[in-house]
Amino acid sequence: MEWNASTGGVIFSSPAIGSDGAIYIGSNDNKLHAFHADGSPKWSFNAENWIDSTPAIGPDGTIYVGSWDNKVYAINPSDGSKQWEFETNSYVIASPSVSADGKIYVGSKDSIFYALESNGSLAWEYFAGQPISSSAALGQDGSIYFGDENGTLHALHPDGSSKWTYVIDEVADTNKSILSSPALDLSGNIYFGSGNGYCYSLADNENNASLNWQFLTGDRVDAAPILGTTNDVFFISRDGYLRSLSSLTGGLNWDAFVGDVFYSAPVIDSNGRVYVIGYTGGGENHLSAFESNGTKAWDTNQSEISFSVAGIVDSSLLLSESGKLYYGCYDGKLYCVDIGAGPATSDWPMFQGNEKRDGAWPSYTLEIFANNEGYGQVSGAGIYNPGSSVMITASPATGHSFESWSGSGPTDPSSASTTIEMTEDRYLSAVFAVNSYQINVTVTPTDAAVIQGAGIYTYGETATLSVSSLGDGYQFESWSGGISGNSDRLTFSVNQDTNITANFEIINYELNVTVISGGTVTGSGLIPYGNLAQISASASDGYTFSGWNGSGVTDPNSSSTTVSMTEARNLTASFTLNTYALNISTTGQGSVIGAGTYSHDDLATISAVPSTGFSFLNWEGNGISDIQSATTTVSMTEDRNLTAIFGTNSYSLLVSAGNGGTVTGSGTFSHGSEASVEAIPATGYSFVSWFGHNVDSVNAPQTTVSMTEDISLSAIFEIDQFTLSPITTTGGTISGSGTYAYGTMVNINAIPESGYLFVRWEGFDITDPNSSSTTILMNQNQQITAVFEAKPLEEKSLILTSSPNIAGTTSGSGSYPMGFSVAISATPSTGYAFSHWSGGNFDDPNSSSTEMIIHSDSNATAHFSPLTFALEINASLGGSGTGSGTYDFGTEVSISAIPENGYHFKSWHGAGIDNPLLETVSILMDQDLNISLSFEVNQYTLSLSTNNSGGIVEGGGTFTHGSTASIRALPSDGYKFLGWSGANLESNTEKAILLSMDMNYELTANFETLMVTSISGINDLGSNWYSSDWLGYFHFTNENWCYHLEIGWLYIVPIDDDSLWTWSPQLGWLWLSSVAFGDGLAWSREDGDWLYFSFAPLGSSRIYHYQNQVWTSFDPNEAVSLEESLF
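Count along the sequence shown starting at 1, add 376, and that's the number in our numbering.
Here it is as structure tokens:
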């Protein structure tokens, strides 16, 4: 027992706890009592009758409670003063419920349910029709749930309209009043008990309620249920039992006898223990604690428990976050027991859901403030479900910074944007601070002055900077940096860190640094007296620094040095042009042209010439214009080491076989190698010869081929021929003799003379030695003999023959009695079909097997006709073939390949081809044949060369028929392209042309030395005077010198048709072009920049030098010393 505090009457009311830890409870002494957390009295409020209603605490801390005086009171938590009262028509014993928006909901015994505004005015009222003792529970959507004393559970919308009603069961001998206050879970299910002895779970279906389950106890259930943490709900019945039911099914988990309990609702702690006080008889009341599995942990009847319950308890138990258990008793006291564990984090762990007893949907309030309204803004405040993770944000005002969150719960108190877990009401303050800014002042030069006013200022503060001390020889120039100004006193409002420079100046001398040509210089300017001015010379690509001209230079031979500025200085940097070595080596067999020494930026022409059997592959090295071109240029910007890569040519050897054998030897071979090939005849065939190029021995089946090009070979075979020779005997003749190809089945016939009969054949490989008409296999030279004997006089002879003789055989020849019916048959040879019989009386002359009657010696003939076969020729892309059609067996057909323009015949593919590489071949028709032939597109060589070293060519190579080759002639500096020769080209004077490749070409690009008299836009005026539309008028004296009317004597080196270098004794080397000089511009190597000529008569011409931005006068006829000009 922690403490107890007395009131002046019996306590039916249940305690509530405010945010400051104060405990509030009503008593039958007509008062609402407030006690501090230590049990000492805080204040008491006098009503006009008993206060059995449990006080509810609103969001702002206001306490709301009902009384038997019919009134609802709003009481100030600080001093217990009444803020307002609202009177109903009967006494109020239900506990008020308070929504998050501050509305108060309470039912009265007058059968009316009231909604009051936070100022006490009536928002609406709802007539329930029966007295109301049940305290309302508020759903997540604002729905309001309460029971009446006639067994109806009401659900109202937040506006007071009825949502639905649910009438509970009538049970005999019971009162079905609902005094139990509902409990809600976060799924929206409603739990309550009734006087009919049932425990209920309902589902809110928006328009109606449905029963989840109901559980019958042994007596009334008036105490409010509570919810556990493991899908369990706890009810206490007047039958004396505490029951743990499944909130999902209503099944009984366990029950325990606790004694008679009227209205006191139990409470569950964070460990799952359930606490309940019941009357156990004999004047004893016990506080019992049960584990989540139903076993009793302890009760106050045990000897080790140091306190006992002094009387009946109707007050519902309350458990604070600090682990204090509170309840009121009939002895008029409020008790505080320390059980060491706070309430469970279940959806509804105690009467009216929480220690505020507000009956609201489980939620927590988050209030956020800024420590100073002008310093920033905050967001995220509101009312949230338990466990919600809420984003909170602090946004500092301009000139302010967020420092931290003050209060418990933020995930990262130092982050302006973080989250907070809503496990309780939260009160946060965002701490902002006014920014401080550093004003830094730098003096340039550092010893020129002392500045006052720098330092740290807060946002919006006014800073003033001023010069407090000025060094000798200096004067104030300006302020620069974050703030600028020209007055030596600078005033400004501070809104950020600011770096300011106070600039001072002293007396300066002019330093003029120039260059003649070959590089650039830095360092010119106005330099303070006594300074060592830094000067530097940077050589242009291809030049090397050679020295400074002028006085005061610390090291005249160093490109980067200093000059002492004790007076005005004029300095000149000198540079010399670099030369580079070009070395060329080879890999593979070939030669190269172009090695030597070149000036910087020269384009050196290089050529690679492969030896026979080799091809140029590429160049290796840097600076090469086209590494794939055998003739190209290399940019001489440094020493170059180049390599021409030559590769041995590889050639393909395609070996194919004609009809009657196979071949070996196809492959890819290097130039000059000897490739072995072999022709292997099939059985019954002999090798004849090779068809193709470079064969060492064309008649040898095993030989070699010299590989100096791509080669296609075919091996020609012929079938072996054998002789069939008959041996003449008495009594008849033999047909079928002759010469035949290997494997031929030859028809042989023995024809007896009059008076003789055929007996048999003598010889080898005869199909039927006993048949006068049969076949013999020709796989060697054969000799055959037909044996005859004299025919009996009384019999008649039957001689059967075939027409044509080679077309088939017959069966049935012999001697037979007069009138005998003889079975005869005809068998066609390959490629033939039986047609009909002639020469006798046949049962069916059109049947190959029939009968004939012998009336006399007879000669009959079996007639055969040749079969026809289809020949189909299929050509690939690039040509066509002739010979397709239908042919009789044994026909020799000539077939031909006809290539299209730009293609050539490659080979035949199919059966019966003796030489697949011949465009026209013969083929024997002994079956249906499908012959294909292939073509290849022609390849042409484009060979390019030059008539001299005046340029290079691009674009040569190997091209397929119909492709377009792009060729270019590139004249070297000082040369002019004249035209192409070697073929009749449409545009043979164009440097770049497109050539349609339909043959091999050998072209030569012709160049000649370029003279100034042949530049673009030239007109010959006679007497060696010329005019150019861009160069102007000049007199040509020899191949290099001329007199220009506006510039004077010039030594000219043409570059191309539209540009040239010229040397003037007055101006040095100038570069003139048709684009620039037409506008009066020329590039000066001496200045390293452009000159602009303003020509005027009578020697008043002027030149503007862009390098130093000055005008100078110019007289083209001014006498100059050539020696001075050169040196």
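No residue lacks a Cβ here, since even glycine has one placed at the ideal position from N, Cα and C. For clarity, every value in this text was computed on a predicted model and none was experimentally measured.
- At the C-beta level, G775 and G836 come within 8 Å of one another.
- Judged by DSSP secondary structure, A398 falls outside any beta strand (DSSP E); it is assigned neither H nor E.
- Residue pairing by DSSP puts A632 in a beta bridge opposite L618.
- According to the DSSP assignment, W589 belongs to the beta strand (DSSP E) that extends over 585 to 592.
- Residue pairing of K407 in beta bridges, as defined by DSSP: N422.
- The segment 1206 to 1257 contains, as complete beta strand (DSSP E) runs of 3+ residues, the segments 1208 to 1214, 1225 to 1229, 1234 to 1242, 1244 to 1251 (chain order).
- If only complete runs of 3 or more residues are kept, the segment 994 to 1026 shows the beta strand (DSSP E) at 1007 to 1012, 1016 to 1024, in order along the chain.
- Y1316 and S1372 have their C-alpha atoms roughly 11 Å apart.
- DSSP places Y706 in the coil class of the three-state scheme, outside both helix and strand.
- Runs of the alpha helix (DSSP H) spanning 4 or more residues and lying entirely within the segment 675 to 730 do not occur at all.
- Per DSSP, S646 is not a residue of any beta strand (DSSP E), being assigned neither H nor E.
- Excluding its 5 nearest sequence neighbours in each direction, Y1419 has C-beta neighbours in its own chain below 8 Å: F1410, H1411, T1413, W1425, L1426, listed in chain order.
- Short of 6 Å from the beta carbon of H1285, and not among the five residues preceding or following it, lie these beta carbons of its own chain, in chain order: S1308.
- Of the residues assessed, Y490 falls on the buried side of the cut-off, its CB having 16 or more other CB atoms within 10 angstroms.
- Closest in C-alpha terms to Y1027, from the list G1043, N1035, L1176, A1246, comes G1043.
- Separation of the CB atoms of T1161 and I1124 is rounded to 11 Å, and the pair is thereby denied contact status at 8 Å.
- Closest in alpha carbon position to G894, among L555, I882, Q1159, S922, is S922.
- Secondary structure of N862 (DSSP, three-state): coil.
- With contacts defined by Cβ atoms closer than 8 Å, V1429 and G1326 do not form a contacting pair.
- Here V1388 carries a helix assignment [DSSP, helix/strand/coil].
- In this structure, E779 sits near F808, with a CB-CB distance shorter than 8 Å.
- Per the coordinates, the alpha-carbon of I1087 lies some 12 Å from the alpha-carbon of T1080.
- Assignment of I439 by DSSP, reduced to helix, strand and coil, places it in the strand class.
- For the pair of segments examined, the segment 1060 to 1080 was found not to touch the segment 1012 to 1020: the number of CB pairs separated by less than 8 Å stays below three.
- S556 is positioned such that its CB atom lies closer than 8 Å to that of G523.
- For the pair of segments examined, the segment 1002 to 1010 was found to touch the segment 1318 to 1335: the number of CB pairs separated by less than 8 Å reaches three.
- R614 and G571 have their C-alpha atoms roughly 9 Å apart.
- Between the segment 1335 to 1342 and the segment 1366 to 1383 there are three or more inter-stretch CB-CB distances shorter than 8 Å, so the stretches are counted as touching.
- With 16 or more other CB atoms across the displayed protein chains lying within 10 angstroms of its CB, Q728 is buried.
- The shortest CA-to-CA distance from N551 to any of A579, A585, D598, K539 is the one to D598.
- Relative to the Cα of I566, the nearest Cα in the group S623, G573, E697 belongs to S623.
- Burial is judged here by how many other beta carbons sit within 10 angstroms of a residue's own beta carbon; M1194 has fewer than 16 and is exposed.
- Using a 10 angstroms sphere on the CB of Y919, the tally of other CB atoms reaches 16 or more, which defines it as buried.
- Comparing C-alpha distances from E1378 to each of D1463, G1332, N925, G442 shows the shortest one belongs to G1332.
- Looking at the backbone, the Cα of W737 and that of E493 are separated by about 18 Å.
- Of the candidates G536, V643, D517, D517 places its Cα closest to the Cα of N581.
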